[in-house]
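Sequential numbering from 0 applies to the sequence shown in numbering that gives the first Met the number 0. By construction, the Cβ of each residue, glycine as well, lies at the ideal position given by its N, Cα and C atoms.
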Amino acid sequence: MATDSVSISNTINPATIRPSASHRGAPAGPVWANPTVWMFAAFLVTFAASLSYLWGVVPAWAAIGLGAFARYLGFTVMHEASHRVAHRNRRVNDFLGWPPGLALTVTLNVFRTCHTKHHTHTNQPDIDPDLDVARSPRWLRPLWLLAPLWSYRAGYFGKGWAKTRSHWWMQVVFDVTMLIAVLAAVVMGYTVELLVVFVVPLVLALAFLSLAFDLIPHLPYDSTERFYDTRALPGRTLNVLFLGQNYHLVHHLWNSVPWYKY
């Protein structure tokens, strides 16, 4: 098969299938044998390289590309950490997930909570925070692809999804700090720098992530049943491009399986 979408066969009951222990969770071997750790390192390197624009090391176009790519890589690390399959040590696992999350403007706690809502209420209006990417009218799709910026906060703050008060305050403090930093950059005449190293890379990365991991895997949004609300798009090219998330169906069935074992 090339890139045809596939769903669960009517002759197979996925509830009776369980991946082997070797396919579940982060690897037990040395840290250098963990692909997610390497991806975290790649995130740090590319993110730092994008910031080097501020010192004239790379041109604007390269900084934007590197910044968007860094956030794209970082999303997978944050995503794995949210399911606690980035590393077997819980503290290390969360440490890996925080920096990529902040680069995408959310704390790991916020993403973990909202992403769990997506898994438990996939395609359910007013509950699934990722459903906003499929809103109408379609001609506003570029805007809807940025919906996680507000839909996650709407759920976390407006619907009381925060697990603890400290988690709530962490996001508040981060948002206030981010807003002050943005305003300060504009007032001090660094609007171009702000656009190059923050705004444009964030918009590009988030739009692609929403398209690849939220919109396409759940089209046509006509089911809320666990085994029929997500699909897979087989293909080697897509597997590389989407870092395994073209097999999003596998992830929804068994979220203890890390991205490199789909």
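| request: Express the C-alpha separation of Arg235 and Asn9 in angstroms, rounding to a whole number. | output: Unreliable positioning characterises Asn9 in this predicted model, as indicated by a pLDDT of 47, which lies under 50. A coordinate reading is not provided.
| query | Whole-angstrom Cβ separation of Thr121 and His22, contact assumed at under 8 Å? | reply | Cβ-Cβ separation between Thr121 and His22: approximately 22 Å, too far for a contact (criterion under 8 Å).
| Runs of alpha helix (DSSP H) wholly within the segment 131-190 (minimum 4 residues, chain order) | As far as the segment 131-190 is concerned, its whole alpha helix (DSSP H) runs of at least 4 residues are 140-143, 147-152, 164-186.
| Segments assigned alpha helix (DSSP H), at least 4 residues, entirely inside the segment 15-92 | Correct list: 34-50, 59-81.
| task | Count the other C-beta atoms from every protein chain shown that fall within 10 angstroms of the C-beta of Glu79, then say buried if there are 16 or more, exposed otherwise. | result | Per the 10 Å Cβ criterion, buried.
| Who are the near neighbours of Gly73 in its chain, counting only those whose CB is closer than 6 Å to its CB and skipping five residues on each side? | The answer, listed in chain order, is Phe42, Pro99, Ala102.
| request: Buried or exposed for Pro147, please, with buried defined as at least 16 other CB atoms from any protein chain shown within 10 angstroms of its CB. | output: The C-beta of Pro147 has 16 or more other C-beta atoms within 10 Å across all chains shown, which makes the residue buried.
| task | With DSSP collapsed to three states, give me the class of Gly243. | result | The answer is coil: DSSP assigns Gly243 none of H, G, I, E or B.
| query | Where does Pro200 fall in DSSP's three states? | reply | Three-state result, Pro200: helix.
| task | Round the Cβ separation of Ser209 and Val105 to the nearest angstrom and send it over; I've been treating them as touching at under 8 Å. | result | Cβ-Cβ separation between Ser209 and Val105: approximately 13 Å, too far for a contact (criterion under 8 Å).
| Counted within 10 angstroms of its Cβ, other Cβ atoms place Lys158 as buried (16 or more) or exposed | With fewer than 16 other Cβ atoms within 10 Å, it is exposed.
| field | Contact between the segment 79-95 and the segment 28-42 (3+ Cβ pairs under 8 Å) | value | Under the Cβ criterion (8 Å, minimum of three pairs), the segment 79-95 counts as touching the segment 28-42.
| query | So is Lys116 buried or exposed if we call it buried at 16+ other beta carbons inside 10 Å? | reply | Around the beta carbon of Lys116, 16 or more other beta carbons lie within 10 angstroms, which makes this residue buried.
| task | Note down the Cα distance separating Ala40 from Val191, rounded to an integer number of angstroms. | result | Ala40 and Val191 have their C-alpha atoms spaced approximately 28 Å apart.
| task | Would you mind stating whether Arg292 and Val109 have Cβ atoms separated by less than 9 Å? | result | Past the boundaries of the shown model lies residue 292; the chain is included only from 0 to 261, so the question cannot be answered.
| request: May I ask you to report which of helix, strand or coil DSSP gives Leu194? | output: It is helical.
| So what's Val249 in DSSP terms, helix, strand or just coil? | Of the three classes helix, strand and coil, the one that applies to Val249 here is helix, per DSSP.
| task | Can you give me the start and stop residues for the alpha helix (DSSP H) that Leu107 sits inside? | result | Per DSSP, Leu107 belongs to the alpha helix (DSSP H) from 107-119.
| Euclidean distance between Cα positions of Ser222 and Ser150 | So the two alpha carbons sit approximately 21 Å from each other.
| query | Who are the Cβ neighbours of Ala206 in its own chain at under 8 Å, not counting the five residues just before and after it? | reply | Pro141, Leu144, Leu145.
| CB-CB under 6 Å to Asp228, same chain, minus the five flanking residues each way: which ones, in chain order? | Scanning its chain for C-beta atoms nearer than 6 Å, with the 5 sequence neighbours on each side dropped, one finds around Asp228 the residues Thr121, Asn122, Ser222, in chain order.
| task | Let me know if Thr127 comes out buried or exposed under the rule of 16 or more other beta-carbons within 10 Å of its beta-carbon. | result | Before going on, a small fix: residue 127 reads as Asp here, not Thr. The residue in question, Asp127, is buried, as its Cβ has 16 or more Cβ neighbours within 10 Å.
| message | Using only CA atoms, which one of Arg225, Val195, Ala47 lies nearest to Trp253? | response | Looking only at Arg225, Val195, Ala47, the smallest Cα-Cα distance to Trp253 is reached by Arg225.
| Can Gly64 and Pro233 be called in contact, C-beta distance under 9 Å? | Against a cut-off of 9 Å, the Cβ pair of Pro233 and Gly64 comes out as no contact.
| request: Taking only the alpha-carbon atoms, compute the straight-line gap between Tyr189 and Met177 and give it to the nearest angstrom. | output: Using only the alpha carbons, I get a separation of about 15 Å.
| For Ala48, the nearest candidate out of Val249, Val195, Pro219, Thr75 (CA to CA) | Nearest C-alpha to Ala48: Val195.
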